[in-house]
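Numbering (UniProt numbering) for the sequence shown: 1 to 662. Here's the structure we're looking at; comments come further down.
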Amino acid sequence: MAMAGESSGKNCGDCDGKIAGKSQRKVGLVYDETMCKHDTPDGEDHPECPDRIRVIWEKLQLAGVTQRCVVLGSSKAQDKHLQLVHTKDHVNLVRSISTKQKDYQRNRIASQLNSIYLNGSSSEAAYLAAGSVVEVAEKVAEGELDCGYAIVRPPGHHAEADEAMGFCLFNNVAVAASYLLNERPDLGVKKILIVDWDVHHGNGTQKMFWKDPRVLFFSVHRHEYGSFYPAGDDGDYNMVGEGPGEGFNINVPWEQGRCGDADYLAAWDHVLIPVAKEFSPDIILLSAGFDAAIGDPLGGCRVTPYGYSIMLKKLMEFARGKIVMALEGGYNLDSIAKSSLACVQVLLGDKPIQGSSEAYPFESTWRVIQAVRKRLCAYWPSLVDELPRKLINQKTPTPSILISSSDSETEDDTHRLLDQMSKLNIENHQVDTASTSWRAELAKVDIWYASYGSNMWKPRFLCYIQGGQAEGMKKACVGSMDKSPPKEIVWETFPHRLFFGRESTVTWGVGGVAFTNPLTNLNYLTHMCLYRITLSVPLFISVLEQFNDVLFQENVLNVDSDSPLFDLAALQLVENKGSLSLEAASDGWYGNVVCLGKEGDVPILTMTCTRSAVEKFISGEIPLRPPAKAYANTLIRGLVEGGRFSEKEAEAYIDNAASKPL
Ligand SMILES: [Zn+2]
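Here it is as structure tokens:
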């Protein structure tokens, strides 16, 4: 292992980097308040908010690390450098988007893009973000700096050659990589490793270097068979590059959320690190999103600052420690500040911060890693060997008792969580071994039913299971054949738009009821209460299941029906396609089943209106209406009793969803 300071010793003869006799790595930092001016047009709340970079900068200052680093001014990207990876049209659009002439078109342009907002400062911020990453990369390649961190926004890795998406306008890291390779051959950078540890797949970066063997792109991300943002097959492990670039694109697609340090480090040790050794990069660019951090409201993973510091430390072994970090996502302000600090301390060569990880990766993690190795071993001989059985037997069974994924989870809660996790594993293991046989016989299938409307209030949801009528309802429910209560309840947020519409309903009277747009949109977060209920049970008692009975009641259909609305084949279909509109429920309002991913190995399903109904809401053919008080109160009680919000916050959340145009 290279000791801290060794590389700075060989780069420069002067003593600038030496502090108190101890040689110190020269770490560059870029931060510019100007990039905070990029914001939502009306200042509405949004996860990709200006405070993200402010809190990181404040944390670094408070910890006293900024004065140990080389602080650089930001730098504006040049059009010709942006055009190395973007089309001319795209560069022109982003340049002009914040001009006065575009004032009236800006919102319309943003609404036509996937998960993008724009204001009068977006152009400048986008140019500064890309230019600053280029600047740090250039200085590290030249040897003026040992490594650096560009604390920039908007992020970049979703931006494609001709399209802004997923909060990203220019692909900052891709611009920097292309600049070094194509504009600065004098710097001798011939091979670049791009590591993308953001919880989302770096679709833009992947496409830009798809056929380029000079760039090895590695992305580890939640994928869940293509249901996680940005949905589709691009993030699959079969996407290995093409032509001369074949084998130089590596995706590690998680099958589930809740991945933590152990899972990420397993991907490092058994995929990334062996390949990096073979590739031997001249420099590493790190798409450093911190939305896989514990407590992130979009990511749902559990990487701790300690985990990030170990991952970074392992990368420092390559390219003589020449690493350029560029901020991508990360939406829990506390988590991104702490994770960033841990990383800068590693860049400085400080001892990695103290900590510990969960004992073992998830079972699904080993499955994914084995599949990736098998797919890529033709290009990377170090991946040929099968992983020892002893190693992959060390696994964490998917927890069956879930810990609420509260937004406030941070590193401070880690120990508590780890404690719970370890207890859980033991219990879970015992249950598993004792019950394997009867589980197999029954072929029981559970699903998570994700509710975002009145069903978030448990007493109201139980009416669908046990029958009856909750406060505010004008009509009683018949309930489900299987009256057993949900096995578990957990809360999560999903990037879908919540809205309220219709004039009146039988159950609630006059006023709108809740819908969620079946299409993903990262600009919105919908809080959902997940109930673990049954989808399928023994064939000889085919009526004994709950999800269909909820579907029947939501669509005002008869529970006594002799065929299910939604069977195992439909489940398969919805898991592959993301959503499925049920013909038998086409007269109902909630006949569109949407798969939101998986929790553990269990699929998360919600029911909402069809996309064509959304179009009718947009056109005004079906009215958008705020909910009546009794209905709104049910949602508020659900959110408050579920520990999601205070009453005031819950009210604001509903008001906001009810007042914004679609
Ligand atoms: Zn992300």
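Backbone N, C-alpha and C fix where the C-beta goes; we use that ideal spot for every residue, glycine too.
Check your understanding: In chain order, which continuous runs of the alpha helix (DSSP H) of length 4 or greater are located wholly inside the segment 248-276?
Key -> Whole alpha helix (DSSP H) segments, 4+ residues: 261-267.
Review point. Does the segment 234-241 come within contact of the segment 334-351, defined as at least 3 CB pairs closer than 8 Å?
Key: With the cut-off at 8 Å, the segment 234-241 and the segment 334-351 do not touch.
Point to revise | Spatially closest choice to S121 from I97, H90, P244, G226, by CA coordinates | key: Sequence index remark: in the sequence shown, residue 121 carries index 121 (1-based). The residue with the shortest Cα to Cα distance from S121 is I97.
Review point. Can you name, in chain order, every residue of its own chain whose Cβ lies under 6 Å from the Cβ of D655, other than the five neighbours on each side?
Key: Working through the sequence shown from its first residue, we reach residue 655 at position 655. By the criterion of a C-beta distance shorter than 6 Å, D655 is surrounded by no residue of its chain, once the five residues flanking it on both sides are discounted.
Practice item. Tell me, to the nearest whole angstrom, how far the beta carbon of L286 is from that of M316; I am working on the premise that it is less than 8 Å. Key: Taking the sequence shown and counting its residues from 1, one reaches residue 286 at position 286. Taking the sequence shown and counting its residues from 1, one reaches residue 316 at position 316. Contact doesn't hold; Cβ gap of about 11 Å is too wide.
Practice item. Measure the CB-CB distance between H158 and D196 and report whether it falls below 7 Å. Key: On the sequence shown, position 158 is the one that residue 158 refers to. On the sequence shown, position 196 is the one that residue 196 refers to. Result no, Cβ atoms of H158 and D196 do not sit closer than 7 Å.
Check your understanding: Contact between the segment 469-480 and the segment 489-504: three or more CB pairs below 8 Å?
Key -> Between the segment 469-480 and the segment 489-504, the count of C-beta pairs closer than 8 Å stays below three; the two stretches do not touch.
**Study point:** Supposed contact pair T534 and F547 - C-beta distance, whole angstroms, cut 8 Å
**Key:** Within the sequence shown, the letter at position 547 stands for residue 547. Within the sequence shown, the letter at position 534 stands for residue 534. Cβ-Cβ separation between F547 and T534: approximately 7 Å, consistent with a contact (criterion under 8 Å).
Review point. From D407 to L635, what does the alpha carbon distance come to, in whole angstroms?
Key: The residue labelled residue 407 in the question sits at position 407 within the sequence shown. The residue labelled residue 635 in the question sits at position 635 within the sequence shown. Its pLDDT being 32, under 50, D407 is placed unreliably by the model, and the measurement read from it follows with that caveat. Straight-line Cα distance between these residues: approximately 19 Å.
Check your understanding: Of all the options L327, T606, K374, I336, which has the alpha carbon lying nearest to the alpha carbon of A130?
Key -> Sequence index remark: in the sequence shown, residue 130 carries index 130 (1-based). The residue with the shortest Cα to Cα distance from A130 is L327.
Check your understanding: Within 7 Å (strictly less), CB to CB, does R54 reach chain D?
Key -> Within the model displayed, chain D is absent; a lone protein chain is all it includes.
Check your understanding: Among residues of its own chain, excluding the 5 on either side of Y653, which ones have a beta-carbon nearer than 8 Å to its beta-carbon?
Key -> In the sequence shown, the residue the question calls residue 653 occupies position 653. Around Y653: H527, L639, F645.
Point to revise | Cβ pair L128, M35 closer than 7 Å | key: Within the sequence shown, residue 128 is the residue found at index 128, counting from 1. Within the sequence shown, residue 35 is the residue found at index 35, counting from 1. Yes; because the gap between Cβ atoms is below 7 Å, this pair is in contact.
Review point. Hey, which unbroken runs of the beta strand (DSSP E) at 3 residues or more fall wholly within the segment 552-619?
Key: Runs found: 579-581, 592-599, 602-608.
Point to revise | Nearest residue (CA-CA) to L167, options D587, S111, F218 | key: By one-based count along the sequence shown, residue 167 stands at place 167. One detail in the question is off: residue 167 reads as Phe in this sequence, not Leu. Of the candidates D587, S111, F218, the one whose C-alpha sits nearest the C-alpha of F167 is S111.
Review point. In three-state terms, what does DSSP make of W448?
Key: The count along the sequence shown starts at 1 and reaches residue 448 at position 448. Assigned with DSSP and collapsed to three states, W448 falls in strand.
Exercise for review: With a threshold of 16 other CB atoms inside 10 Å of the CB of P47, please say whether the residue is buried or exposed.
Suggested key: Mapped onto the sequence shown, residue 47 falls at position 47. Buried.
Practice item. May I ask you to check if the CB of D270 is nearer than 6 Å to at least one heavy atom of ligand 1? Key: Counting from 1 along the sequence shown, the entry for residue 270 is found at position 270. The sequence given here places His at residue 270; Asp does not occur at that position. No, ligand 1 has no heavy atom inside 6 Å of this Cβ.
Exercise for review: Taking A164 and L113 to be in contact with their CB atoms under 8 Å, please state how far apart those CB atoms are, rounded to whole angstroms.
Suggested key: Here the question's residue 164 lines up with position 164 in the sequence shown. Here the question's residue 113 lines up with position 113 in the sequence shown. In this structure A164 is in contact with L113, their Cβ atoms being roughly 5 Å apart against a cut-off of 8 Å.
Practice item. Name the residue from F461, H496, L298 whose alpha carbon lies nearest to the alpha carbon of S480. Key: Your numbering for residue 480 matches position 480 in the sequence shown. The candidate whose alpha carbon is nearest that of S480 is F461.
Point to revise | Inside the segment 157-228 only - alpha helix (DSSP H) runs reaching at least 4 residues | key: Whole alpha helix (DSSP H) segments, 4+ residues: 172-178, 203-208.
Practice item. Give a single yes or no on whether H86 has its beta carbon closer than 6 Å to a heavy atom of ligand 1. Key: Here residue 86 is taken as the residue at index 86 of the sequence shown, counted from 1. Flag unset: Cβ of H86 not near ligand 1.
Check your understanding: Terminal residues of the continuous alpha helix (DSSP H) containing M311?
Key -> On the sequence shown, position 311 is the one that residue 311 refers to. Run containing M311: 305-315, per the alpha helix (DSSP H) assignment.
Point to revise | K322 versus P281 - alpha carbon distance | key: Position 322 of the sequence shown, counted from the start, is the residue given in the question as residue 322. Position 281 of the sequence shown, counted from the start, is the residue given in the question as residue 281. Answer to the nearest angstrom: the Cα atoms are 9 Å apart.
Review point. Do K598 and Q256 have their CB atoms nearer than 7 Å?
Key: Working through the sequence shown from its first residue, we reach residue 598 at position 598. Working through the sequence shown from its first residue, we reach residue 256 at position 256. For K598 and Q256, yes; Cβs fall inside 7 Å.
Check your understanding: Is there contact here, the segment 206-216 with the segment 241-250, by at least three beta-carbon pairs under 8 Å?
Key -> As far as the Cβ criterion goes, the segment 206-216 touches the segment 241-250, which means the pair count is three or higher.
Point to revise | Cβ-based burial, L539 [other Cβ within 10 Å; buried from 16] | key: Within the sequence shown, residue 539 is the residue found at index 539, counting from 1. Only weak support is given to the placement of L539: the predicted model assigns it a pLDDT of 43, under 50, and the value that follows is read from those uncertain coordinates. Exposed is the call here.
Exercise for review: Determine the direct distance from the alpha carbon of G299 to that of V199, and round the result to whole angstroms.
Suggested key: For this step, residue 199 is matched to residue 199 along the sequence shown. For this step, residue 299 is matched to residue 299 along the sequence shown. Computed Cα separation, rounded: 6 Å.
Check your understanding: Which same chain residues, not among the five before or five after N633, have their C-beta less than 7 Å away from its C-beta?
Key -> The residue labelled residue 633 in the question sits at position 633 within the sequence shown. Contacts found: G472.
Practice item. Please name the residue, chosen from P459, F494, C463, that lies closest to A450 on a Cα-to-Cα basis. Key: In the sequence shown, counting from the first residue as 1, residue 450 sits at position 450. Considering only P459, F494, C463, the residue with the shortest C-alpha distance to A450 is F494.
Point to revise | Length of the line joining the Cα atoms of Q572 and T608 | key: Counting from 1 along the sequence shown, the entry for residue 572 is found at position 572. Counting from 1 along the sequence shown, the entry for residue 608 is found at position 608. Distance between the alpha carbons of Q572 and T608: 18 Å.
Practice item. Please say whether V30 and V136 have beta carbons closer to each other than 7 Å? Key: As a first step, residue 136 is located in the sequence shown; it is residue number 136 there, counting from the start. As a first step, residue 30 is located in the sequence shown; it is residue number 30 there, counting from the start. Yes, Cβ-Cβ distance for V136 and V30 is below 7 Å.
Review point. Ordered along the chain, which non-local residues of its own chain (more than five positions away) have a Cβ less than 6 Å from that of N455?
Key: Counting from one through the sequence shown, the residue named residue 455 turns up at place 455. The answer, listed in chain order, is F461.
Review point. What do you get for K351, buried or exposed, if any count of 16 or more other CB atoms within 10 angstroms of its CB means buried?
Key: In the sequence shown, counting from the first residue as 1, residue 351 sits at position 351. Burial call: exposed.
Exercise for review: Using three-state DSSP, classify F515 as helix, strand or coil.
Suggested key: What you label residue 515 is simply residue 515 of the sequence shown in a count that begins at 1. The three-state secondary structure of F515, taken from DSSP, is strand.
Check your understanding: Roughly how many angstroms lie between the CA atoms of V506 and K475, to the nearest whole one?
Key -> For this step, residue 506 is matched to residue 506 along the sequence shown. For this step, residue 475 is matched to residue 475 along the sequence shown. About 7 Å.
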